[in-house]
Ligand code: SAM
């Protein structure tokens with residue numbers, strides 16, 4: 369049986385088979401079959417719905433030094449900011465008024481936001497907006513910290529694994545960081561009953577097809593509720609400044625593969641995909657994505673949360689641009705919905 373037929377039949381693939389599939393990424397017929405099946409599954413499981421999440425980039429301080437990232441510790445050119453609790457709550461108030469029912473608190477790994485401060489913020493948001501889901505994306509912590517966040521009411525956690533290959537991990541990160549710890553975090557988060565998001569960048573420096581095969585195999589086995597996957601885009605103040613950005617075509621191909629492999633997964637069409645080219649996010653929706661995360665951060669801070677160059681920050685991706693976003697999403701036959709949109713099939717998750 370051809371690997372594509374195996375995938376389309378809902379069977380598990382080995383790492384080697386994922387590699388064979390990836391080697392066919394430039395065959396138009398293969399791309400078409402994957403895209404059509406991804407679209408069919410999206411419509412079957414979610415109808416025309418596209419879930420929106422309000423992204424609050426609440427700090428760009430980071431104690432880590434990931435080589436690809438514009439806000440890494442070693443970049444002295446960043447104007448650092450952290451939002452106050454009141455500012456974060458203002459973002460939520462505005463988001464709730466606009467209709468958002470999921471807030472995503474994302475930031476660098478900023479020790480100022482101690483467990484106690486995070487718990488206070490989580491409890492306040494969940495107390496004020498009990499109808500909303502709260503997603504955290506604040507990096508690697510010890511299990512006890514994650515437990516406190518979960519008990520305080522956080523529902524979901526995004527922590528891209530970045531790459532499932534230990535050598536490639538070492539190309540992207542300094543020695544003080546380890547893939548083993550990141551993977552342990554993902555396991556801990558799952559055990560604590562978070563809806564968990566893993567994921568990676570497409571064509572990050574040093575990434576080979578065999579690494580991507582490992583990423584897909586890992587996602588297949590780990591079965592996260594969400595997958596954050598978008599193209600790598602260089603940032604001029606990193607050592608990868610001269611590296612090429614990931615391609616739109618490969619990102620779309622991978623979105624389709626992930627949709628087919630994890631039919632019910634929540635899969636954003638990322639800002640990075642939108643940054644790659646006009647209509648990138650809409651193409652992502654047609655390839656299998658079903659989530660968009662508009663920016664709810666205060667306008668004054670947006671340009672300083674600069675993970676990569678030319679990050680879009682003023683148009684449809686901004687929460688204020690919701691009307692324009694609704695239009696461009698409906699132009700591809702989908703519709704923005706405001707519901708919480710939890711991952712289906714959560715019956716197997718431990719609830720607190
Ligand atoms: N600190 C948290 C963490 O590490 O999970 C959350 C913030 S981190 C900036 C969010 C994501 O941005 C990372 O998981 C990474 O994949 C992505 N990112 C960072 N630099 C990027 C780049 N140059 N191009 C594309 N994505 C990038």
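In my numbering, the protein residues as written are 369 to 720. For every residue, glycine included, the Cβ atom is placed at its ideal position computed from N, Cα and C. Bear in mind that the values here come from a model prediction, so they are computed numbers and not experimental data.
beta-carbon residue i near ligand 1 non-hydrogen atom, thresh 7 Å
i	result
residue 605	no
residue 602	yes
residue 676	yes
residue 474	yes
residue 510	no
residue 659	no
residue 436	yes
residue 649	no
residue 528	yes
residue 680	no
residue 439	yes
residue 553	no
Neighbour-count burial assignment, residue i, 16 or more Cβ in a 10 Å radius
i	result
residue 706	exposed
residue 723	Beyond the ends of the chain as shown, which are 369 and 720, falls residue 723; an answer cannot be given.
residue 678	exposed
residue 720	Bear in mind that a pLDDT of 34 at residue 720, under 50, signals an unreliable position, so the model cannot answer this.
residue 637	buried
residue 397	exposed
residue 377	exposed
residue 671	exposed
residue 382	exposed
residue 714	Here the model assigns residue 714 a pLDDT of 48, short of 50, so the residue's position is not dependable, and the following value carries that caveat. Per the 10 Å Cβ criterion, exposed.
residue 716	Residue placement at residue 716 cannot be trusted, given a pLDDT of 37 that sits under 50; the coordinates are not used to answer.
residue 718	Low local confidence applies: a pLDDT of 37 at residue 718 is under 50, so the model's placement there is unreliable, and no value is given.
residue 657	buried
residue 555	exposed
residue 676	buried
residue 510	exposed
Pick from the options that is closest to residue i, judged by C-alpha positions
i	options	result
residue 582	567, 664 and 648	567
residue 422	621, 589, 508 and 462	462
residue 551	621, 479 and 529	529
residue 711	588, 565 and 538	565
residue 559	544, 547, 370 and 518	518
residue 537	392, 700, 508 and 574	574
residue 532	470, 475 and 588	588
Start-to-end residues for the beta strand (DSSP E) that takes in residue i
i	result
residue 599	594–599
residue 505	501–505
residue 524	524–526
residue 425	422–427
residue 379	No beta strand (DSSP E) contains residue 379, which DSSP labels as neither H nor E.
Cβ distance (whole Å) where residue i is taken to contact residue j below 8 Å
i	j	result
residue 597	residue 628	No, residue 597 and residue 628 are not in contact; Cβ-Cβ is about 14 Å, not under 8 Å.
residue 390	residue 580	6 Å
residue 336	residue 595	Limits of the chain in this structure are 369 at one end and 720 at the other, which puts residue 336 out of reach.
residue 451	residue 662	That belief does not hold up - the Cβ atoms of residue 451 and residue 662 are roughly 17 Å apart, past 8 Å.
Residue range of the alpha helix (DSSP H) that includes residue i
i	result
residue 403	396–414
residue 466	453–466
residue 700	No alpha helix (DSSP H) holds residue 700; DSSP gives it neither H nor E.
Ligand 3 heavy atom lying under 7 Å from the CB of residue i
i	result
residue 629	Among the ligands present in this structure, namely ligand 1, ligand 3 is not found.
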